[in-house]
Amino acid sequence: MAPYSIWMKVQNHKEMRWVTDKIMLNLIPGVLQIVVLLSGPVDANCNPGNFEEEIRQYEESDSVHPPTLRSVVFVGSSSIRMWETLEEDFPGLPVINRGFGGCEMEDVVWYANRIVLPYQPKTVIVYAGDNDLANGKSVEKVLLDCKALVKRIRDSDPTTRIGFILIKPSPSRWHLESEIRDLNEKIQEYCNSDEGLFYVDVFTPMLDTDQLPRNELFLEDQLHMNRDGYRLWRDAVRPFLMRVDQPHPEAR
Numbered sequence: 006m007a008p009y010s011i012w013m014k015v016q017n018h019k020e021m022r023w024v025t026d027k028i029m030l031n032l033i034p035g036v037l038q039i040v041v042l043l044s045g046p047v048d049a050n051c052n053p054g055n056f057e058e059e060i061r062q063y064e065e066s067d068s069v070h071p072p073t074l075r076s077v078v079f080v081g082s083s084s085i086r087m088w089e090t091l092e093e094d095f096p097g098l099p100v101i102n103r104g105f106g107g108c109e110m111e112d113v114v115w116y117a118n119r120i121v122l123p124y125q126p127k128t129v130i131v132y133a134g135d136n137d138l139a140n141g142k143s144v145e146k147v148l149l150d151c152k153a154l155v156k157r158i159r160d161s162d163p164t165t166r167i168g169f170i171l172i173k174p175s176p177s178r179w180h181l182e183s184e185i186r187d188l189n190e191k192i193q194e195y196c197n198s199d200e201g202l203f204y205v206d207v208f209t210p211m212l213d214t215d216q217l218p219r220n221e222l223f224l225e226d227q228l229h230m231n232r233d234g235y236r237l238w239r240d241a242v243r244p245f246l247m248r249v250d251q252p253h254p255e256a257r
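According to the numbering used here, the sequence shown is numbered sequentially starting from 6.
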């Protein structure tokens, strides 16, 4: 539609605002795609459209109920999305849940501009990489995406603390034990090399005395966690969030 056709249809200020918003909504996804492709090693095969509906729902919710800025943002796959007791588990802390099920680390990088950076977070807690390995991504690729996410966040605010929750030992994915251990080790090394990063080890306490996954922490699908699993995560994450005012956590 030509520009003059649009303006002919504008009858009042309210309609003009609606037209402007509509045009911007159509432009934004393309602009964001250009920004992401230029600034990080996200796979060209990444299809962020798979999660567009969930992301738009978060944006619509934010427009109605703007979240607290300088908060703690939890972002990642379904293990984050299904953490329904997040606010209850961390009383007194401004926490925001921005999990979207099935995502990989590169998806978190792709959508960070829309569901992480707008909140100007003081701390970001990330859980992703689990699905990546299950879908055949290499440990090296996931680590590159971790670094791309850190860069994306720090380009916006270099003081933001960033924590990675290590990959959990899901019984249904225990055939990937070697890859999981390798990725966790590399994430630990990466975080140890940068005092502005930290990792949360949920892998070790989720193993039994035989070094096998503790089935009692999982739902019937043996992939997602039950309430006991989330209590364990709460206890593992809490010490780091208690240091929310410290720019560089010392604990590892």
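Ideal Cβ positions, reconstructed from N, Cα and C, are used throughout, including at glycine.
DSSP, reduced to helix, strand and coil, places Arg219 outside both helices and strands of the structure shown, so it counts as coil. Taken through DSSP and simplified to helix, strand or coil, Thr73 comes out as coil. If you look at Leu202, you'll find it in the beta strand (DSSP E) that goes Leu202 to Val205. In this structure the segment 226-241 touches the segment 88-97; the number of beta carbon pairs closer than 8 Å is three or more. For the pair of segments examined, the segment 147-157 was found not to touch the segment 99-107: the number of CB pairs separated by less than 8 Å stays below three. Buried is the label assigned to Gly134, since at least 16 other Cβ atoms lie within 10 Å of its Cβ.
Collapsing the DSSP output to three states places Leu212 in a strand. Take the alpha-carbon of Met211 and the one of Pro96: they are about 24 Å apart.
Beta-bridge partners assigned by DSSP to Gly168: Ile130 and Phe203.
Ranking Tyr116, Pro163 and Ser175 by CA distance to the CA of Gly81 puts Tyr116 first. Secondary structure at Arg103: strand, using DSSP grouped into helix, strand and coil.
Phe208 and Ser76 have their C-alpha atoms some 26 Å from each other.
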